[in-house]
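Since the structure comes first, as structure tokens, the remarks are kept for the end.
Residue numbers (our numbering): 1 to 185.
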């Protein structure tokens, strides 16, 4: 029986929806995309069964929210976005995003999806701080995060070994009041 896709957040061009086990045939091949793996620093190889297990387990994990980024009206899934390590006591979390195909990059979809999930994080979950880590070679993502109001906090030097080279990771964060001030402009 096919599960219904639940729209969680919507904007003019896209909506964010929950994963279902029915997404496995679409989602699993995206994990092999070479450019996406490079941008996310992914070395691990995944099995179809392992991905199915992750989808099922993460749905019941209250410390994370995993969503698919879907274009309207085409109903085309173009990426994923997650709020992870949600700490309700200290009111913070980590965020990550991946756009599956380079043809969908540079059109503002990632920024739009991040803005929706940040609005939810600060407005509905009552978080105070959201952080992320981005590799220094991912200049397009860094520009997007800065456009959203993220501030650079520090650098983890040579933390990723990929393609026979070491790469730095830049730690960035945004606070609730910083996000709200940007939204009012």
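Glycine included, every Cβ here is placed at the ideal spot set by N, Cα and C.
Out of 180, 6, 10 and 172, the CA that lies nearest to the CA of residue 93 is found in 172. Residue 126 carries a coil assignment under DSSP once its states are collapsed to helix, strand and coil.
In this structure residue 80 is buried. Its beta-carbon is surrounded by 16 or more other beta-carbon atoms within 10 angstroms. The beta carbon of residue 122 sits closer than 6 Å to those of 176 and 179, all from its chain and outside the five residues before and after it, given in chain order. Ranked by Cα distance from residue 104, the first of 35, 150, 155 and 159 is 35. Sequence-distant Cβ neighbours of residue 28 in its own chain, meaning closer than 6 Å and more than five residues away, are 48 and 51. Annotation note: the segment 13 to 55 contains the following uninterrupted alpha helix (DSSP H) runs of length 4 or greater, listed N- to C-terminal: 24 to 30 and 34 to 40.
Only residues of its own chain outside the window of five on either side were considered, and among them 100 have a CB closer than 6 Å to the CB of residue 30, listed in chain order. Judged by their CB atoms, residue 69 and residue 141 are not nearer to each other than the 8 Å cut-off. When DSSP assignments are scanned along the segment 80 to 132, the uninterrupted stretches of alpha helix (DSSP H) that are 4 or more residues long and fall wholly within it turn out to be 109 to 123. Counting along the chain, residue 181 sits inside the alpha helix (DSSP H) bounded by residues 176 to 184. About 4 Å separates the CB atoms of residue 16 and residue 67; that is less than 8 Å, so the two are in contact. For the pair residue 85 and residue 118, the Cα-to-Cα distance works out to about 14 Å.
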